[in-house]
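Reviewing the structure listed below.
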Ligand SMILES: [Zn+2]
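Numbering (our numbering), first residue to last: 14 to 372.
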């Protein structure tokens with residue numbers, strides 16, 4: 014009852030003091046809610062719920078969460094993360110000073126429990142909304158998992174794009190930018206794409222807009238394509254400058270429109286056609302052949318082909334020689350029958366004049 018009266022008086026004739034009080038309370042509530050949203054981490058080792066003692070160390074604007082057995086990783090992770098942050102800042106020409114949380118998952122099982130089974134082949138995952146990177150320590154310990162500094166640069170690129178771009182990007186572009194920024198990919202990627210085109214196995218960009226294939230080799234191809242298409246975009250439309258692409262995507266006035274451009278089916282299709290037409294051109298294949306991995310592969314194949322050819326030729330010659338031997342043997346036999354065996358022929362023919370003397 015009293016509440017109703019209060020509400021009525023508030024709505025009908027609120028005094029300036031009451032109005033200010035209510036707005037202040039509302040403002041505080043909004044601020045608290047916003048703060049709660051940004052400070053509560055989306056992912057934490059606490060979610061593993063196995064009662065292990067979770068540790069946290071903060072340095073250089075990074076908060077690293079880890080389990081006691083992994084404390085040896087922390088200081089190197091912080092210095093690699095700092096270097097990775099500088100890589101992003103340099104590429105984007107933008108101080109990238111936001112606080113970043115790094116969660117060190119001790120093994121693959123706990124990593125998948127935290128981020129989801131889709132990340133089965135990943136070394137790390139970025140969650141831009143929570144400004145968090147979750148690292149799969151089991152993968153990073155193996156050479157196949159990639160170098161941790163490079164992995165962090167890749168993930169920080171996702172954080173940067175997620176925070177700065179006013180509109181989410183198609184996945185292939187987001188991944189391509191991260192790979193370009195972390196300088197990932199090599200000559201074997203280019204040759205895989207040439208083979209992919211020749212065998213008709215490339216994945217349409219449309220299928221790489223929201224998610225990547227889970228199957229390991231298709232997923233690898235998806236990353237390779239994303240990297241190559243993004244490089245093509247940078248070369249063709251941004252004067253070869255990743256910085257220009259990032260600046261456009263992060264721009265308040267043009268960012269959303271630029272992202273929209275790559276989502277638009279007709280633009281995506283045109284881009285895909287233009288890109289595919291450049292794969293496997295004479296200059297690219299020549300470049301691949303002269304480059305290390307592919308070059309030695311080609312040399313290896315040519316060596317085997319040459320060896321087989323030489324072997325066949327030798328066999329042919331041997332069979333010819335055998336035939337000749339048999340003919341000569343038959344002729345000798347004939348000769349012996351007619352003339353009888355000659356002793357002189359068995360002697361070395363070093364000094365023919367002596368033979369003559371003796372005869
Ligand atoms: Zn990525």
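Beta carbons: idealized from backbone N, C-alpha and C, even for Gly.
> Who are residue 72's beta bridge partners in DSSP?
Replying inline: Taking the first residue of the chain shown as 1, we reach residue 72 at position 59. Residue 72 is bridged to 75.
DSSP state of residue 140, grouped into three classes? Residue numbering aside, residue 140 sits at position 127 when the chain shown is read from its first letter. Strand, per DSSP.
**Asked** Nearest CA to the CA of residue 180: which residue from 270, 138, 59 and 118?
**Response** For the purposes of this step, residue 180 is taken as residue 167 along the chain shown, with counting starting at 1. If we check each option's Cα against that of residue 180, 270 comes out closest.
Count the other CB atoms within 10 Å of the CB of residue 56; is the residue buried (16 or more) or exposed (fewer)? Position 43 of the chain shown holds residue 56. Looking at its Cβ environment, which holds 16 or more other Cβ atoms inside 10 Å, residue 56 is buried.
Exposed or buried, residue 60, counting other C-beta atoms within 10 Å across all chains shown (16 or more means buried)?
Sequence index remark: in the chain shown, residue 60 carries index 47 (1-based). Exposed: under 16 other Cβ atoms inside 10 Å.
Practice prompt. Excluding the 5 residues preceding and the 5 following residue 163 in the sequence, name in chain order all residues of the same chain whose CB lies nearer than 6 angstroms to its CB.
Written response: One-based indexing of the chain shown puts residue 163 at position 150. 195.
### Element boundaries [beta strand (DSSP E), containing residue 145]
Against the chain shown, residue 145 aligns to sequence position 132. Counting along the chain, the beta strand (DSSP E) containing residue 145 begins and ends at 145-149.
Practice task
Keeping to the same chain, check which residues put their C-beta closer than 6 angstroms to that of residue 261; ignore five residues upstream and five downstream.
Solution key: Taking the first residue of the chain shown as 1, we reach residue 261 at position 248. Excluding residues within five positions, the ones whose Cβ falls inside 6 angstroms are 267 and 271.
**Request:** Hey, could you find the ends of the alpha helix (DSSP H) residue 114 is sitting in?
**Result:** The residue labelled residue 114 in the question sits at position 101 within the chain shown. It is not in any alpha helix (DSSP H) - residue 114 instead sits in the beta strand (DSSP E) that spans 113-118.
Endpoints, alpha helix (DSSP H) assigned at residue 64 = Residue mapping note: residue 64 aligns to position 51 of the chain shown, counting from 1. Taken as a continuous stretch (DSSP letters only), residue 64 belongs to no alpha helix (DSSP H), as it is neither H nor E.
DSSP state of residue 252 mapped onto helix, strand, coil
Locating residue 252 in the chain shown gives position 239, where the first residue counts as 1. Of the three classes helix, strand and coil, the one that applies to residue 252 here is coil, per DSSP.
| request: Go ahead and label residue 48 buried or exposed: buried means 16 or more other beta carbons lie within 10 angstroms of its beta carbon, across all protein chains shown. | output: Mapped onto the chain shown, residue 48 falls at position 35. With a pLDDT of 48 at residue 48, under the threshold of 50, the modelled position of this residue cannot be trusted; read the value that follows with caution. So residue 48 ends up on the exposed side.
Please report how far the alpha carbon of residue 332 lies from the alpha carbon of residue 341, in whole angstroms. Position 319 of the chain shown, counted from the first residue, corresponds to residue 332. Position 328 of the chain shown, counted from the first residue, corresponds to residue 341. Approximately 14 angstroms, taken between the alpha carbons.
Collapsed DSSP secondary structure at residue 274 in the structure displayed:
The sequence position of residue 274 within the chain shown is 261, counting from 1. Of the three classes helix, strand and coil, the one that applies to residue 274 here is helix, per DSSP.
| query | For residue 159, does the three-state DSSP call read helix, strand or coil? | reply | Against the chain shown, residue 159 aligns to sequence position 146. Coil.
- Give a yes or no on whether the minimum CB-CB distance between residue 77 and chain D is below 7 angstroms. In the structure shown, chain D does not exist; there is a single protein chain.
For ligand 1, is there any heavy atom lying closer than 6 angstroms to the beta carbon of residue 188? By one-based count along the chain shown, residue 188 stands at place 175. It does: the Cβ of residue 188 is within 6 angstroms (strictly closer) of some heavy atom of ligand 1.
- Assuming residue 93 and residue 165 form a contact by the criterion Cβ under 8 angstroms, report the distance between their Cβ atoms to the nearest whole angstrom. Here residue 93 corresponds to residue number 80 of the chain shown, with the count starting at 1. Here residue 165 corresponds to residue number 152 of the chain shown, with the count starting at 1. Confirmed, Cβ separation roughly 6 angstroms.
> Hey, how far is the Cα of residue 336 from the Cα of residue 330?
Replying inline: Here residue 336 refers to the residue found at position 323 when the chain shown is read from its first residue. Here residue 330 refers to the residue found at position 317 when the chain shown is read from its first residue. About 10 angstroms.
**Asked** How about the segment 167-179 and the segment 202-214: do they share at least three Cβ pairs that are nearer than 8 angstroms?
**Response** no
Exercise. Return the CA-CA distance between residue 104 and residue 138, expressed in angstroms with no decimal places.
Key: Against the chain shown, residue 104 aligns to sequence position 91. Against the chain shown, residue 138 aligns to sequence position 125. Straight-line Cα distance between these residues: approximately 21 angstroms.
_Exposure label - residue 295; buried when at least 16 CB within 10 Å_ = On the chain shown, position 282 is the one that residue 295 refers to. With fewer than 16 other Cβ atoms within 10 Å, it is exposed.
For residue 74 and residue 115, believed in contact at Cβ under 8 angstroms, the rounded distance
Along the chain shown, read from residue 1 onward, the residue named residue 115 stands at position 102. Along the chain shown, read from residue 1 onward, the residue named residue 74 stands at position 61. Not quite, the Cβ-Cβ distance comes to about 11 angstroms (not below 8 angstroms), so this is no contact.
message = Less than 7 angstroms between the beta carbons of residue 80 and residue 130, yes or no?
response = The count along the chain shown starts at 1 and reaches residue 80 at position 67. The count along the chain shown starts at 1 and reaches residue 130 at position 117. Against a cut-off of 7 angstroms, the Cβ pair of residue 130 and residue 80 comes out as no contact.
Along the chain, which unbroken stretches of the alpha helix (DSSP H) at least 4 residues long are found entirely within the segment 166-216? 184-194 and 200-211
For residue 101, three-class secondary structure by DSSP: Your numbering for residue 101 matches position 88 in the chain shown. Note: residue 101 maps to helix in three-state DSSP.
**Prompt:** What three-state label does DSSP hand residue 243 in the structure shown?
**Reply:** Here residue 243 refers to the residue found at position 230 of the chain shown. In this structure, residue 243 counts as helix in the three-state DSSP scheme.
Cβ-heavy atom distance, residue 166 to ligand 1, below 6 angstroms
Locating residue 166 in the chain shown gives position 153, where the first residue counts as 1. Outside the cutoff, so no.
Q. Quick one: does the C-beta of residue 191 sit closer than 6 angstroms to a heavy atom of ligand 1?
A. The residue labelled residue 191 in the question sits at position 178 within the chain shown. Yes, the beta carbon of residue 191 sits closer than 6 angstroms to at least one heavy atom of ligand 1.
- prompt: Which one of 285, 321 and 347 has the shortest CA to CA distance from residue 219?
  reply: Start at 1 with the first residue of the chain shown, and residue 219 comes out as number 206. Looking at the Cα atoms, 285 is the closest of the given residues.
Requested in this report: Below 8 angstroms on the Cβ atoms is my guess for residue 193 versus residue 140; work out the distance and round it to an integer in Å.
Outcome: For this step, residue 193 is matched to residue 180 along the chain shown. For this step, residue 140 is matched to residue 127 along the chain shown. With 8 angstroms as the limit, residue 193 and residue 140 do not qualify as a contact, their Cβ atoms being about 21 angstroms apart.
Note to self: Suppose contacts are defined by Cβ-Cβ distances below 7 angstroms. Is residue 151 in contact with residue 121 by that definition?
What the structure shows: Stepping through the chain shown from its first residue, residue 151 is reached at position 138. Stepping through the chain shown from its first residue, residue 121 is reached at position 108. Taking 7 angstroms as the Cβ cut-off, residue 151 and residue 121 qualify as a contacting pair.
Worksheet entry | residue 189 burial status per 10 Å Cβ neighbour count (16 or more: buried) | Position 176 of the chain shown holds residue 189. By the neighbour-count rule (16 or more Cβ atoms within 10 Å), residue 189 is buried.
Return the chain-ordered list of same chain residues with a C-beta closer than 8 angstroms to the C-beta of residue 71, the five sequence neighbours on each side being excluded.
Position 58 of the chain shown, counting from 1, holds the residue named residue 71. Once the five neighbours on either side are set aside, the close Cβ partners of residue 71 are 77.
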